[in-house]
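Numbering of the sequence shown is given in our numbering, commencing with residue 275 and proceeding in unit increments. Beta carbons are placed, not taken as given, at the ideal position from N, Cα and C, and that holds for glycine. What follows is a set of notes on a single structure, which appears directly below.
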Amino acid sequence: MSEQSKDALGEFLRHRRELLQPADVGLVAGARRRTPGLRRDEVALLAAISTDYYERIEQGRGPRPSPEVLGAVCRALRFTLDERDHVHRLAGQPVPARHRAVGYADAGLMCVLDALAPTVPAMVTDDLSVVVAQNPLNRALLGSMTDARGLDRAFVWRWFTDPAIAALYAPEQREQLGREHVADLRVTSGQRGEDDDVRALLAALHRESAEFQEIWARQEVALRRSTRKVLLHPRVGRLDLECDVVVSPPSGQRLVLFRPQPGTGTGERLDLLRVVGVQDLEAVSAAE
């Protein structure tokens with residue numbers, strides 16, 4: 275990565291940062307702001323990297339940023355896919371395939387995710403169920419998945435290998451929901467021709483889960499759309515939810531949102547979860 279490319283990357287990031295306001299990315303602006311647009315520390319917070327590291331990227335200092343870091347910065351700054359590709363080229367990194375998240379969420383879906391944040395748990399995944407963004411209420415509902423690494427970021431992997439995820443869902447729904455996850459994964463496998471990411475995920479699931487092997491052998495194929503789910507949350511109890519999946523055509527990413535079913539009291543329990551969940555997240559943040 276040449277010094278000229280580093281300068282061009284820093285200039286582009288700085289320019290786009292200064293165009294954004296805190297409300298554009300789901301943040302609350304303080305009373306006094308001397309800096310136009312977002313501050314560097316706010317971008318770093320949204321990208322889950324240190325402020326010093328982000329400052330060095332903008333100032334053209336230090337080593338070439340990794341694709342994962344670039345993806346996180348692009349997500350924080352709400353870049354479009356074309357802008358994301360431009361950033362990767364400036365950094366001398368391969369341009370990610372459009373159907374792969376690489377830590378970056380579709381800008382349009384991020385806008386919806388921010389709008390839903392106060393009342394509706396929602397997350398953004400790629401077509402392999404890799405979680406690339408969650409709003410605070412979704413993290414309070416399912417736990418933080420965007421901080422995970424490797425296969426642990428894929429919800430379908432966690433479904434078949436993580437007892438904590440299994441414990442959140444009503445036991446009587448386990449088989450049906452598992453079949454829906456596998457049928458959706460088979461659709462992606464067919465569309466992507468079992469590329470490296472698909473092969474790695476399928477091999478790991480076959481190796482680690484006899485339950486997955488049995489369901490995969492059924493040869494069921496169906497995209498996930500709308501499903502009723504019952505969650506047994508340890509803090510607020512039973513949650514009767516309608517889970518909707520909205521696909522973004524440009525990126526193939528999915529917005530997964532959890533609506534309360536009317537007449538079940540779930541809306542009130544989500545209100546309680548919003549309070550206790552935020553308190554838990556603040557406590558974890560303070561401890562870190």
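CB-CB length for residue i against residue j, believed under 8 Å
i: Ala-303; j: Pro-310; result: Between Pro-310 and Ala-303 the Cβ distance is about 12 Å, and since that is not below 8 Å, they are no contact.
i: Glu-485; j: Gly-452; result: 7 Å
i: Leu-529; j: Val-406; result: Rounded, the Cβ-Cβ distance is 11 Å, inconsistent with contact.
i: Val-472; j: Arg-466; result: 5 Å
i: Pro-368; j: His-360; result: Incorrect: roughly 13 Å between the Cβ atoms, too far for contact.
i: Arg-548; j: Leu-411; result: 6 Å
Chain-order list of residues whose beta-carbon lies under 6 Å from that of residue i (same chain, five-residue window excluded)
i: Ala-491; result: none
i: Arg-509; result: Val-550
i: Phe-532; result: Pro-395, Leu-515 and Cys-517
i: Gln-487; result: His-480
i: Thr-538; result: Asp-514
Sequence-distant residues of its chain with Cβ nearer than 8 Å to residue i (five each side left out)
i: Arg-352; result: Leu-294, Asp-298, Val-299, Ala-381, Met-384 and Cys-385
i: Gln-447; result: Lys-503 and Val-504
i: Gly-464; result: Val-495
i: Ser-483; result: Phe-434 and Thr-435
Best match in the options for proximity to residue i [C-alpha to C-alpha]
i: Leu-513; options: Thr-540, Ile-489, Val-519 and Ala-365; result: Thr-540
i: Ala-440; options: Ala-322, Asp-458 and Val-504; result: Val-504
i: Leu-355; options: Gln-367, Leu-287, Ala-379 and Arg-533; result: Ala-379
i: Ala-478; options: Arg-509, Trp-431 and Ser-522; result: Trp-431
i: Pro-370; options: Gly-345, Gln-465 and Leu-387; result: Gly-345
i: Phe-429; options: Leu-287, Leu-411, Asp-315 and Asp-458; result: Asp-458
i: Thr-435; options: Leu-475, Gln-408, Ile-331 and Thr-462; result: Leu-475
i: Thr-420; options: Ile-489, Arg-330 and Leu-320; result: Leu-320
i: Val-520; options: Thr-501, Gly-464 and Pro-534; result: Thr-501
i: Gln-450; options: Asn-412, Arg-548 and Ile-489; result: Ile-489
i: Pro-534; options: Pro-524, Pro-445 and Thr-393; result: Thr-393
i: Glu-292; options: Phe-286, Glu-285, Pro-445 and Leu-312; result: Leu-312
i: Gly-511; options: Leu-287, Trp-433, His-289 and Leu-415; result: Leu-415
i: Gly-417; options: Gln-408, Arg-288, Arg-423 and Pro-536; result: Gln-408
i: Glu-285; options: Val-317, Ile-331, Arg-338 and Ala-389; result: Ile-331
i: His-289; options: Arg-307, Val-317 and Pro-339; result: Val-317
i: Leu-544; options: Arg-427, Arg-423, Arg-413 and Thr-462; result: Arg-413
Rounded straight-line distance, which links the Cα of residue j to that of residue i
i: Gln-333; j: Leu-497; result: 44 Å
i: Leu-546; j: Asp-470; result: 42 Å
i: Leu-283; j: Ile-323; result: 17 Å
i: Ala-391; j: Leu-301; result: 11 Å
i: Leu-402; j: Pro-341; result: 18 Å
i: Asp-518; j: Arg-499; result: 6 Å
i: Leu-506; j: Tyr-443; result: 6 Å
i: Asp-326; j: Gly-336; result: 11 Å
i: Lys-280; j: Gly-526; result: 30 Å
i: Ser-522; j: Asp-315; result: 30 Å
i: Ala-350; j: Glu-542; result: 31 Å
i: Ala-365; j: Arg-358; result: 11 Å
i: Ala-438; j: Glu-329; result: 37 Å
i: Arg-460; j: Leu-425; result: 17 Å
i: Leu-287; j: Pro-536; result: 44 Å
i: Pro-445; j: Arg-307; result: 50 Å
i: Arg-427; j: Val-343; result: 16 Å
N- and C-terminal bounds of the beta strand (DSSP E) containing residue i
i: Glu-516; result: 511-521
i: Pro-337; result: Note, Pro-337: premise wrong, no beta strand (DSSP E); not H, not E.
i: Pro-534; result: 528-534
i: Gln-408; result: 405-408
i: Met-397; result: 396-399
i: Leu-390; result: Counting along the chain, Leu-390 falls outside any beta strand (DSSP E), though it belongs to the alpha helix (DSSP H) covering 381-390.
i: Arg-363; result: That residue, Arg-363, is in no beta strand (DSSP E); its alpha helix (DSSP H) goes 355-364.
i: Ser-500; result: 500-507
Residue span of the alpha helix (DSSP H) that contains residue i, given as start and end
i: Val-456; result: 448-466
i: Thr-435; result: 429-435
i: Thr-325; result: 325-332
i: Val-472; result: 470-482
i: Val-317; result: 314-321
Any non-hydrogen atom of the ligand ZN within 7 Å of residue i CB
i: Trp-431; result: Absence of the ligand ZN is noted for the structure shown, with no ligands found whatsoever.
Own chain partners of residue i with C-beta closer than 7 Å, once the 5 adjacent residues on each side are dropped
i: Ala-375; result: The predicted position of Ala-375 is uncertain, since its pLDDT is 49 and thus under 50; a value taken from the coordinates is nonetheless stated next. The answer, listed in chain order, is Asp-400, Val-404, Val-406 and Gln-527.
i: Trp-563; result: In the structure as shown, the chain begins at 275 and stops at 562. Residue 563 is therefore absent and cannot be evaluated.
i: Arg-423; result: none
i: Pro-524; result: Leu-355 and Asp-380
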